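Heads up: the sequence shown is residues 220 to 536, going by our numbering. What follows is a set of notes on a single structure, which appears directly below.
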Amino acid sequence: MVGYDKKKEKLSQYYFAFAGGLSGFITRAICQPLDVLKIRFQLQVEPISNQPVSKYRSVFQAVNLILKEEGIKAFWKGHIPAQFLSVSYGVVQFWAFEILSKEAHKHQLPKSLSPVVNFSSGFIAGTLATVVSFPFDVIRTRLVAQSEQIRIYHGFLHCAQSLIKKEGPLVMFRGLWPTVLQIGPHAGVQFMCYKFFNDLYKLMADSSNTTFSNSLVSGSLAGLCAKTSVYPFDLVKKRLQIQGFEEGRAMFGKTFHCNGMKDCLFRIYQTEGPTGFFKGLQPSLIKAICASALHFSTYEMIIKLISHIKDQEFQDV
220 MVGYDKKKEK LSQYYFAFAG GLSGFITRAI CQPLDVLKIR FQLQVEPISN QPVSKYRSVF
280 QAVNLILKEE GIKAFWKGHI PAQFLSVSYG VVQFWAFEIL SKEAHKHQLP KSLSPVVNFS
340 SGFIAGTLAT VVSFPFDVIR TRLVAQSEQI RIYHGFLHCA QSLIKKEGPL VMFRGLWPTV
400 LQIGPHAGVQ FMCYKFFNDL YKLMADSSNT TFSNSLVSGS LAGLCAKTSV YPFDLVKKRL
460 QIQGFEEGRA MFGKTFHCNG MKDCLFRIYQ TEGPTGFFKG LQPSLIKAIC ASALHFSTYE
520 MIIKLISHIK DQEFQDV
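Here's what the structure looks like:
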């Protein structure tokens with residue numbers, strides 16, 4: 220159901236936006252703890268190892284330490300801006316992808332170009348969604364990054380007001396360039412792989428319908444492929460978003476200073492080595508697999524439900 224389908228021609232584009240936003244909300248509510256873990260690992264300058272200098276050494280150790288120091292609520296730090304981020308991103312991404320897929324279908328391109336069409340549509344949709352939702356990403360990162368012992372921001376609105384007042388409005392788009400470099404290809408690969416695995420699953424199951432299990436499996440594999448391909452840019456984005464926030468990071472070990480994407484890439488390599496670009500990859504992949512599976516499967520099911528309701532209304536007329 221993701222992408223052009225004759226069965227969806229009767230649906231308004233607003234339904235695609237609604238389904239995308241709702242699927243984003245559900246996915247975020249379930250996957251938020253994994254996002255907190257991922258960000259904590261990404262922002263740690265020290266190695267992710269059993270060395271005494273490292274605050275977070277493994278996924279299980281980090282979970283236990285966060286529970287001990289900050290309580291279970293810490294896993295939902297920044298959840299409100301994260302929901303704004305996920306909902307706005309989901310609305311724009313799925314709406315744009317559906318519109319672009321429909322326009323591409325009008326040109327009757329050969330089937331062999333389907334991967335190119337899916338990648339290009341996903342790339343554009345992901346880029347648009349990133350620009351619209353990015354300020355919420357900055358706020359979410361700041362709230363997750365601060366410790367309970369040194370709280371600089373007291374909630375979503377206070378964080379937004381403080382950032383604009385102290386660092387200027389442009390701070391809301393700090394790290395946008397590496398994010399676009401990351402999310403554009405990420406979304407392109409994600410949609411391309413989802414459509415590929417979805418079609419492959421249907422071929423193996425000898426079915427023309429997309430089932431819940433199909434979309435779960437296809438979504439998880441698409442998330443794995445997409446996240447692995449662009450992960451270093453995600454880490455750079457997070458490092459840029461916390462520049463000027465050293466006070467709130469005092470309890471987490473060394474602070475990291477950089478000026479722009481190129482400088483950030485150079486300093487990570489210089490101080491942390493090549494493996495520094497993949498800090499937090501493990502929880503990030505777990506989150507990407509879960510989030511992508513949930514995002515696509517819930518979107519598919521919501522669109523199916525809306526289509527069923529519309530069919531019933533048409534029959535009753």
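Each residue gets a CB set at the ideal place from its N, CA and C atoms; glycine is no exception. Only a predicted model underlies this, so the values are computations on that prediction, with no experimental measurement involved.
Residue 291 and residue 336 have their alpha carbons spaced roughly 43 Å apart. Under the three-state reduction of DSSP output, residue 357 falls in the helix class. Taking the Cβ atoms as the reference, residue 445 lies roughly 28 Å from residue 489, outside the contact range of under 8 Å.
Residue 394 and residue 495 have their C-alpha atoms roughly 18 Å apart. Per DSSP, residue 416 is one residue of the alpha helix (DSSP H) stretching across 395-424. Residue 478 carries a coil assignment under DSSP once its states are collapsed to helix, strand and coil. Spanning the alpha carbons of residue 242 and residue 308 requires a straight line of approximately 10 Å. Cβ contact annotation for residue 261 (same chain, cutoff 6 Å, sequence separation greater than five): 454, 457, 498, 499, in chain order.
Of the other Cβ atoms in all chains shown, fewer than 16 fall within 10 Å of the Cβ of residue 370; this residue is therefore exposed. By the C-beta density criterion, residue 435 is buried, having at least 16 other C-beta atoms within 10 angstroms.
Just so you know, the alpha carbons of residue 385 and residue 281 end up roughly 31 Å apart.
Within its own chain, the residues whose Cβ lies closer than 6 Å to the Cβ of residue 375, once the five positions on either side in sequence are excluded, are 299, 300, listed in chain order. Counting the other Cβ atoms within 10 Å of the Cβ of residue 481 gives fewer than 16, which makes it exposed.
Shortest Cα-Cα distance from residue 247 to any of 279, 511, 520 involves 511. DSSP places residue 365 in the coil class of the three-state scheme, outside both helix and strand. With contacts defined by Cβ atoms closer than 9 Å, residue 404 and residue 316 do not form a contacting pair.
Note that the C-beta distance between residue 525 and residue 230 is below 9 Å.
At the C-beta level, residue 452 and residue 401 come within 9 Å of one another. Taking a C-beta distance under 9 Å as the contact criterion, residue 415 and residue 519 do not qualify as a contact pair.
Straight across, the Cα-Cα distance linking residue 285 with residue 303 is about 24 Å. Residues 433, 436, 437 of the same chain have their beta carbon placed closer than 7 Å to that of residue 420, with the five preceding and five following residues left out of the count. For residue 242, the uninterrupted alpha helix (DSSP H) run begins and ends at 232-262, by DSSP. For the options 399, 521, 447, the alpha carbon positioned closest to that of residue 349 is the one of 399. Excluding sequence positions up to five before and after residue 275, its CB lies within less than 8 Å of the CB of 259, 260, 263, 267, 281, 284, all in the same chain and listed in chain order. Nearest Cα to residue 244 within the set 236, 306, 234: 306.
With a 10 Å radius around the Cβ and a threshold of 16 neighbouring Cβ atoms, residue 389 comes out exposed.
As the crow flies, the alpha-carbon of residue 322 is around 13 Å from that of residue 232.
With fewer than 16 other beta carbons inside 10 angstroms of its own, residue 424 counts as exposed.
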